[in-house]
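Protein chains: 2
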Amino acid sequence: MSTHEGTLFDGLGEPDASLPSGRFASEKVERVLQWFTRCAERSNLEDRFSSVLRQSIDEVLDGQRTGRYDLKDLSKTEKTYLGTKVEIVCQNEFGFSDGSRMDYKISGVDVDAKFSLTGEWMIPTEAMGQICLVMSADDEKSTFDVGLVHVAEEILRGGANKDSKRQMSASGRSAIRWIFKSGRLRRNILLGLNDEKKRLIFSGSTGQQRVNNLFENLLGQMIDRTTVQTTARQLDAPKRVRDARRHLASKGIVILGHQNESVRVASALGIAVPDKSSWISVRLVPAEGRSGYGRQVEINGSWYVRARDDDPAFPAPAVAH
Amino acid sequence: MSTHEGTLFDGLGEPDASLPSGRFASEKVERVLQWFTRCAERSNLEDRFSSVLRQSIDEVLDGQRTGRYDLKDLSKTEKTYLGTKVEIVCQNEFGFSDGSRMDYKISGVDVDAKFSLTGEWMIPTEAMGQICLVMSADDEKSTFDVGLVHVAEEILRGGANKDSKRQMSASGRSAIRWIFKSGRLRRNILLGLNDEKKRLIFSGSTGQQRVNNLFENLLGQMIDRTTVQTTARQLDAPKRVRDARRHLASKGIVILGHQNESVRVASALGIAVPDKSSWISVRLVPAEGRSGYGRQVEINGSWYVRARDDDPAFPAPAVAH
Chain A
1 MSTHEGTLFD
11 GLGEPDASLP
21 SGRFASEKVE
31 RVLQWFTRCA
41 ERSNLEDRFS
51 SVLRQSIDEV
61 LDGQRTGRYD
71 LKDLSKTEKT
81 YLGTKVEIVC
91 QNEFGFSDGS
101 RMDYKISGVD
111 VDAKFSLTGE
121 WMIPTEAMGQ
131 ICLVMSADDE
141 KSTFDVGLVH
151 VAEEILRGGA
161 NKDSKRQMSA
171 SGRSAIRWIF
181 KSGRLRRNIL
191 LGLNDEKKRL
201 IFSGSTGQQR
211 VNNLFENLLG
221 QMIDRTTVQT
231 TARQLDAPKR
241 VRDARRHLAS
251 KGIVILGHQN
261 ESVRVASALG
271 IAVPDKSSWI
281 SVRLVPAEGR
291 SGYGRQVEIN
301 GSWYVRARDD
311 DPAFPAPAVA
321 H
Chain B
322 MSTHEGTLFD
332 GLGEPDASLP
342 SGRFASEKVE
352 RVLQWFTRCA
362 ERSNLEDRFS
372 SVLRQSIDEV
382 LDGQRTGRYD
392 LKDLSKTEKT
402 YLGTKVEIVC
412 QNEFGFSDGS
422 RMDYKISGVD
432 VDAKFSLTGE
442 WMIPTEAMGQ
452 ICLVMSADDE
462 KSTFDVGLVH
472 VAEEILRGGA
482 NKDSKRQMSA
492 SGRSAIRWIF
502 KSGRLRRNIL
512 LGLNDEKKRL
522 IFSGSTGQQR
532 VNNLFENLLG
542 QMIDRTTVQT
552 TARQLDAPKR
562 VRDARRHLAS
572 KGIVILGHQN
582 ESVRVASALG
592 IAVPDKSSWI
602 SVRLVPAEGR
612 SGYGRQVEIN
622 GSWYVRARDD
632 DPAFPAPAVA
642 H
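If you read the sequences in order, they're chains A and B.
According to my numbering, the first sequence is numbered sequentially starting from 1.
According to my numbering, the second sequence is numbered sequentially starting from 322.
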């Protein structure tokens, strides 16, 4: 279903049938796994889990209010709450009904949602004998893992923490049936920037200046709404982008959106067409006299190519957005 | 500044100067209090605190995804996180910079934000000697309290919980300088409904049906975006409202918004004009032959009045929204 390292149902073989509850557990895990298989036939399951985890992380970071984009800056309370948010967003995304004793009911099976940033899921006493949907995300590597496991004494470590929760043992982890191992998590643009880029962007003293810097310094990169809101520390991303267009026009920079002429211009230049609530900036110069610059695009009767670093600035053509 | 029971600076006298650190503490509290006094001269401070608490509560309830509107349905983790959310939203609303050791710096004074649903604020060890902005909210009574207190040994109870946090003693609470005592919290519409109304509304099996029921059963009441989202369990409230207009037109029900003809119709009928992202429904019948019905409004050349319960249904006139 995808061409990269994320794999669906990369299960590490059948669970060990020699475990006391192995057979029954396997049946329950298989039923839930089948639900996700059917779901993957109708929709892009990897995108949906990516969206669940991206939304959850972004909401708890609350970048629009706090300017934060790094999970390291969350407090302990917020990290704990992130697990709850993932549980809620995941239930909503897939429309799971409530379980009898666990979070969800999937194909008639009670399933508990467990999220951990480190992949060290803490299993509560009440999950013993139940099926857990274990999820983790690595925002730096832009990957996530999702799997199913039947919780049994044999897969847990001995010691419990003060909340009577226990971790899985190394051998216990091999019992996880992976739905996605290194699935592709939508990128956290700001987190991935080097220090120089961050300095250039965040040197702006107003939200608008920082958004201008964002689009000027990240030419050709897809910028999502959360990134604009976190950079601006304001809610109205589309307004900040419209104003950035005015500010950057004299530098020849055009910010393409998902509508009208943007689509044609992006396609003609061979760059990705933004989704709704995403934008991509390009610097244009007249095509005339420039060879080897790649694709050209006609805008208002003139031909343009994407500028190279050493090209002088030409006023940007007006693109209907 | 307001005509109801909410009062600004309803301080219970000066802090006890006989407390060891009384005088110094009083100066710091007074400086912070003055900041809020000046703030109240430029803006509606009560509305701003109401908005901080309403937003925080609504975001953690996450009604759009969970359908919840009662804080009693929050998990322990969510209740703990609510304090963090209030701290973040409050800092953002008032633009406080970070404190050196506490959450905020206000007029050069370090101030820690403390929220509690019960008014039993848990004071951590590190707040000793510091100023706390204590906040609480009662969503059933639609009230909130906000005050300032200098944390000293004398105002705390003896016993600490497992996180080394201590409550204030009854006498210690009298040291709080109130900014608002029973301030007016924006109403949680769904929470305030009786069981019969809830049954009528939530009997709908789709989000659209429930939103139709909402506007049909709460005639003349201001309905905010959160209420629509929680009822629908969907994000796009304006779309649900537009569709509800079509569904309810045959019953003579008009849903007024904040734009165009809505404003004129609401004003003419003498009902509150909705804010942005708020709506109010009214049932109209022809004015002709109806006396004692109160104000009339002309719509598309005909005159209408608000219907009484026993009036038959007339098709609603088209109001430009």
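Yeah, the Cβ is synthetic: ideal placement off N, Cα and C, and Gly gets one too.
Note that this is a predicted model, so its numbers are computed, not measured.
Where residue i sits in the DSSP three-state scheme
i, result
"T464 of chain B", "strand"
"I155 of chain A", "helix"
"E126 of chain A", "helix"
"H258 of chain A", "coil"
"P312 of chain A", "coil"
"V319 of chain A", "coil"
"Q208 of chain A", "helix"
"L514 of chain B", "coil"
"V618 of chain B", "strand"
"F36 of chain A", "helix"
"S278 of chain A", "strand"
"I223 of chain A", "strand"
"E216 of chain A", "helix"
"Q176 of chain A", "Position check: residue 176 of chain A holds Ile in this sequence, whereas Gln was assumed. DSSP places I176 of chain A in coil when its eight states are reduced to three."
"D138 of chain A", "strand"
"I592 of chain B", "coil"
"S339 of chain B", "Residue placement at S339 of chain B is poorly supported in this model, since its pLDDT is 43, which falls under 50; the coordinates still yield a value, given next. Of the three classes helix, strand and coil, the one that applies to S339 of chain B here is coil, per DSSP."
Those residues which DSSP pairs with residue i across a bridge
i, result
"I381 of chain B", "The residue you asked about is not Ile; residue 381 of chain B is Val in the sequence shown. Looking at the DSSP assignment, V381 of chain B forms no beta bridge with any residue, so it has no partner."
"L284 of chain A", "A:R306"
"L133 of chain A", "A:A113 and A:L148"
"A481 of chain B", "B:R487"
"Y425 of chain B", "B:D419 and B:V432"
"I201 of chain A", "Answer is none; I201 of chain A lacks a bridge partner."
"I409 of chain B", "DSSP, once it has assigned bridges, lists no residue as partnering I409 of chain B."
Under 8 Å by beta carbon: chain B residues contacting residue i
i, result
"Y81 of chain A", "T398, E399, T401, Y402 and T405"
8 Å Cβ cutoff met for residue i and residue j
i, j, result
"D643 of chain B", "I57 of chain A", "Since the first residue of chain B shown is 322 and the last is 642, residue 643 of chain B is not available in this structure."
"M128 of chain A", "V149 of chain A", "no"
"W600 of chain B", "I544 of chain B", "yes"
"Y319 of chain B", "T77 of chain A", "Because chain B spans 322 through 642 in this model, residue 319 of chain B falls outside it and cannot be assessed."
"V430 of chain B", "V532 of chain B", "no"
"I574 of chain B", "F635 of chain B", "no"
"V586 of chain B", "V618 of chain B", "yes"
"R627 of chain B", "L590 of chain B", "yes"
"R546 of chain B", "A565 of chain B", "no"
"L540 of chain B", "S612 of chain B", "no"
"N144 of chain A", "L53 of chain A", "According to the sequence displayed, residue 144 of chain A carries Phe and not Asn. Contact: yes."
"F115 of chain A", "M135 of chain A", "yes"
"Q385 of chain B", "R561 of chain B", "no"
"Q412 of chain B", "D433 of chain B", "no"
"S171 of chain A", "L156 of chain A", "no"
"D311 of chain A", "V285 of chain A", "yes"
"E261 of chain A", "A320 of chain A", "yes"
"G468 of chain B", "I510 of chain B", "no"
"D139 of chain A", "L191 of chain A", "yes"
"S277 of chain A", "R186 of chain A", "no"
"N213 of chain A", "L200 of chain A", "yes"
Contact set between residue i and chain B, taken where Cβ atoms lie within less than 7 Å
i, result
"R65 of chain A", "I409, V410 and N413"
"D70 of chain A", "Chain B residues near D70 of chain A: none, gap ~16 Å exceeds 7 Å."
Neighbouring residues, chain A, relative to residue i (Cβ below 7 Å)
i, result
"D383 of chain B", "I88"
Beta carbon proximity, residue i to chain C, threshold 8 Å
i, result
"S377 of chain B", "Considering every chain present, this structure includes no chain C. Its protein chains are A and B."
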